[in-house]
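Chains as they are written, first to last, in the working numbering: chain A, 24 to 133; chain B, 3 to 115. Ideal Cβ placement from N, Cα and C applies to all residues, glycine included. Since the structure is predicted, the reported quantities are computational estimates derived from the model, not experimental observations. Input: a single structure, listed below in structure tokens.
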Amino acid sequence: GQQVMQIPQYQHVQEGEDFTTYCNSSTTLSNIQWYKQRPGGHPVFLIQLVKSGEVKKQKRLTFQFGEAKKNSSLHITATQTTDVGTYFCAGKGSNYKLTFGKGTLLTVNP
Amino acid sequence: SAVISQKPSRDICQRGTSLTIQCQVDSQVTMMFWYRQQPGQSLTLIATANQGSEATYESGFVIDKFPISRPNLTFSTLTVSNMSPEDSSIYLCSVLGGPGEQFFGPGTRLTVL
Numbered sequence: 024g025q026q027v028m029q030i031p032q033y034q035h036v037q038e039g040e041d042f043t044t045y046c047n048s049s050t051t052l053s054n055i056q057w058y059k060q061r062p063g064g065h066p067v068f069l070i071q072l073v074k075s076g077e078v079k080k081q082k083r084l085t086f087q088f089g090e091a092k093k094n095s096s097l098h099i100t101a102t103q104t105t106d107v108g109t110y111f112c113a114g115k116g117s118n119y120k121l122t123f124g125k126g127t128l129l130t131v132n133p
Numbered sequence: 003s004a005v006i007s008q009k010p011s012r013d014i015c016q017r018g019t020s021l022t023i024q025c026q027v028d029s030q031v032t033m034m035f036w037y038r039q040q041p042g043q044s045l046t047l048i049a050t051a052n053q054g055s056e057a058t059y060e061s062g063f064v065i066d067k068f069p070i071s072r073p074n075l076t077f078s079t080l081t082v083s084n085m086s087p088e089d090s091s092i093y094l095c096s097v098l099g100g101p102g103e104q105f106f107g108p109g110t111r112l113t114v115l
């Protein structure tokens, strides 16, 4: 079955440093989605990437979808304490189901 | 976007008992999903619940353990039956928004002693 690997599992940064999490699928995806889960909260949708090579930005967040539609990354520039949480990628294959990566827990030292 | 509520928000249960979790959505949706998130882990899809038909279960999850009801387009329940400590998790329901993102409920935090 479809597998989605995500690294790193944990990342601790000083406030102001950049952060990147990477996602890799065992199969070609129709799209990939990113979610953020704050400590004690539930996953909240951030963005969906559909096209090969697509790059989208949301303020300090940059999302990329690989040319082969099998990998993706989320980059945060100049992290802030409000960025703390677990970032999940989730890949969608040929059906409606999402396969979630294991997530990257980001902690930010003020 | 959809607004989703879940009841209970948390519970502590004894092993061998059952708990029914309710999920209410503020709009009519075709598909509802039930996920499990074990402590510090990712989200695992338990089943997809469509109104008017049997739920579709993922590998490793069976109807006898996790019976699901979907009586209408805004409501679903998930029962965790004959619980053991390994069932301690957060249980989340979700629905599809458009264009394809999922909205999650606040979750039910279950602890089984």
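8 angstroms Cβ cutoff met for residue i and residue j
i	j	result
B:T76	B:Q30	yes
A:A113	A:I30	no
A:L129	A:F42	yes
B:T46	B:Y59	no
A:F111	B:S3	no
A:H65	B:P10	no
Neighbour list for residue i in chain B, Cβ cutoff strictly below 7 angstroms
i	result
A:Q81	None at all; the shortest Cβ gap to chain B is about 14 angstroms.
A:G126	S44
A:Q56	E103
Boundaries (first-last residue) of the beta strand (DSSP E) holding residue i
i	result
B:L112	110-114
B:R17	Looking at the DSSP string, B:R17 is not in any beta strand (DSSP E), and its letter there is neither H nor E.
A:G108	108-115
A:H65	No beta strand (DSSP E) holds A:H65; DSSP gives it neither H nor E.
B:F77	77-82
A:K80	78-81
B:F68	Note, B:F68: premise wrong, no beta strand (DSSP E); not H, not E.
Own chain, CB closer than 7 angstroms to residue i, minus 5 neighbours either side, in chain order
i	result
A:K79	I70, L72, F86
A:E40	T102
A:Q25	S48, S49, T50, G114, G116, T122
Interface partners of residue i on chain B, CB under 9 angstroms
i	result
A:L129	None at all; the shortest Cβ gap to chain B is about 14 angstroms.
A:Q71	P101, G102, E103
Sequence-distant residues of its chain with Cβ nearer than 6 angstroms to residue i (five each side left out)
i	result
B:V82	L21, D89
B:F106	L94, S96
B:E103	none
B:V5	D28
B:I14	T113
A:H35	T130
B:I92	Q39, G109, R111
Cross-chain neighbours of residue i in chain A, by beta carbon under 7 angstroms
i	result
B:F106	H65, P66
B:G109	H65
Closest residue to residue i among the options (Cα-Cα distance)
i	options	result
B:R12	B:V64, B:T110, B:K67	B:T110
B:Q24	B:G54, B:F68, B:G100	B:F68
A:I99	A:K59, A:A91, A:S75	A:K59
A:K115	A:G64, A:V36, A:Y33, A:K93	A:K93
A:I45	A:G39, A:E38, A:Y33	Position check: residue 45 of chain A holds Tyr in this sequence, whereas Ile was assumed. Looking at the Cα atoms, A:Y33 is the closest of the given residues.
A:T50	A:Q81, A:G108, A:A91	A:A91
B:P87	B:T50, B:F35, B:Q40, B:S7	B:Q40
A:T105	A:F88, A:K125, A:Q37	A:Q37
B:G54	B:M33, B:S61, B:E60	B:M33
A:G89	A:H35, A:N47, A:W57	A:N47
B:Q26	B:S7, B:F35, B:G18, B:R17	B:S7
B:A1	B:V64, B:G62, B:F35, B:I65	Since the displayed chain B opens at 3 and closes at 115, residue 1 of chain B lies outside it and no answer follows.
A:N109	A:S95, A:W57, A:Y119	For clarity, residue 109 of chain A is Thr in the given sequence; the question names Asn instead. The shortest Cα separation from A:T109 among A:S95, A:W57, A:Y119 belongs to A:W57.
A:G124	A:P133, A:N118, A:S95	A:S95
B:G18	B:M85, B:S71, B:S61	B:M85
Chain A contact residues for residue i, given Cβ-Cβ distances below 9 angstroms
i	result
B:L47	K120, L121, T122, F123
B:L94	H65, P66
Residues of its chain near residue i, where Cβ-Cβ distance is below 8 angstroms and the 5 sequence neighbours each way are ignored
i	result
A:V107	R61, P62, L129, T130, V131
CB contact below 8 angstroms: residue i versus chain D
i	result
B:L112	The chain labelled as chain D is not found among the protein chains of the depicted structure, namely A and B.
Near the ligand COA: residue i beta-carbon under 7 angstroms from a heavy atom
i	result
A:K120	By its list of ligands, the structure shown contains no ligand whatsoever, and the ligand COA lies outside what it can speak to.
Residue i: contacting residues in chain B (beta-carbon distance under 8 angstroms)
i	result
A:F111	S44, L45
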